[in-house]
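The next block holds one structure in the form of structure tokens; read it before the comments.
Protein chains: 2
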Amino acid sequence: MTPEPQALDRMFQALSDPARRNMLERLTRGPASVSELAQPLEMSLPAVVQHLAVLEQSGLVKTHKLGRVRTCQIEAGALQRAEQWINDRRIGWERRLDRLGDYLAQQTTDQEEGKTP
Amino acid sequence: MTPEPQALDRMFQALSDPARRNMLERLTRGPASVSELAQPLEMSLPAVVQHLAVLEQSGLVKTHKLGRVRTCQIEAGALQRAEQWINDRRIGWERRLDRLGDYLAQQTTDQEEGKTP
DNA sequence: ATGATACTTAAGTATTTGCTTAACTGATGG
DNA sequence: CCATCAGTTAAGCAAATACTTAAGTATCAT
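Protein chains in written order, with the numbering used here: chain R, 1 to 117; chain F, 1 to 117.
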């Protein structure tokens, strides 16, 4: 299941903000409430809630509300899809560099063999 | 060398646009001129140049001009640093899930052993 | 020299982002 | 009940984005 372009848009966009990455980082250490996510960040609670909405819409975070507290969790699957896109591109590029290296080595060898001293 | 937050900001921001991802994808198949990058995109050349500037500032692409043509190349190292950040977080989260699984399994076992039928 | 090519620069604009403050809803605890 | 706590909603605003068109500037080919 290749992620649709828009899903990648939202995921990378979500990852591009340090406050949101901080929230994700906190969530790797276990679920947290909105206030807990907000605590280390120097901004108002509504601002944090807006960042959280971005994270949810990107699929990177899932939340559920119980009583008056909203609990947030990381969604590792989404994180993996973002990683996969990068990895595919990087691997493609590195394979290409390898082929180029082989080609250049071959050229050099040919030249060596062909030289008339 | 852990990438500074701002470097990650710019990298993920750069990756969040489909036109820029398209350009990167093209570059995995080898270097290309600005016009070549622009060719499949339905936008003006200046727009493409602006996207290219974002890619360069993110460190994902390097360019050099020879005569009147600017040649662009992917910078796999930068790509890898973005991937690394995601991977670290994902691994952290998955390790946590494993520990939680172990704990829950242990609890269940304890209960089984302690039950009085 | 002249015209076409490959960008580049500048300026303008609509939309989106990342915040803010103020006011509000809906649990919970005493 | 009523104050507090956790979060929500709304409105507004400055800055950043993602384009556009128009007008350059160097090459390069003839």
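Glycine is no exception: its CB is placed at the ideal position from the N, C-alpha and C atoms.
Since the model is a prediction, treat every value here as computed from it, not as a measurement.
- Annotation: GLN106(R) has no Cβ neighbours in chain F at a cutoff of 9 Å; minimum Cβ distance is about 17 Å.
- The Cβ of PRO5(R) sits closer than 7 Å to at least one Cβ of chain F.
- Inter-segment contact for the segment 90–103 of chain F and the segment 49–58 of chain F is absent: fewer than three beta-carbon pairs are separated by less than 8 Å.
- Around the CB of MET11(F), 16 or more other CB atoms lie within 10 Å, so the residue is classed as buried.
- Distances from the alpha-carbon of ASP9(R) to those of GLN6(F), GLN13(F), ILE74(F) and GLU25(F) put GLN13(F) closest.
- Interface annotation, GLU42(F): not in contact with chain R, CB-CB separation never under 7 Å.
- Contact between LEU24(F) and LEU60(F) holds, since their C-beta atoms are separated by about 7 Å, short of 8 Å.
- Residue state for SER35(F) is assigned as helix, using DSSP reduced to three classes.
- For the set ALA82(R), GLY92(R), GLY101(R) and VAL69(R), the Cα lying nearest the Cα of SER35(R) is the one of VAL69(R).
- Contact between LEU15(R) and ALA82(R) holds, since their C-beta atoms are separated by about 7 Å, short of 8 Å.
- With contacts defined by Cβ atoms closer than 7 Å, GLN57(R) and ARG90(F) do not form a contacting pair.
- DSSP, read as helix, strand or coil, puts LEU55(F) in helix.
- Here the alpha carbon of VAL54(R) sits roughly 12 Å from the alpha carbon of THR63(R).
- VAL61(F) is bridged by DSSP to ILE74(F).
- In the three-state reduction of the DSSP assignment, LEU41(R) falls in the coil class, being assigned neither a helical nor a strand state.
- The Cβ of ALA38(F) sits no closer than 7 Å to any Cβ of chain R.
- For ARG21(F), the CB contacts under 8 Å within the same chain, skipping 5 residues up- and downstream, are LEU15 in chain order.
- Secondary structure note for ARG10(F): its alpha helix (DSSP H) is the uninterrupted segment 5–15.
- Look at GLY77(F): its C-beta is not under 7 Å from any C-beta on chain R.
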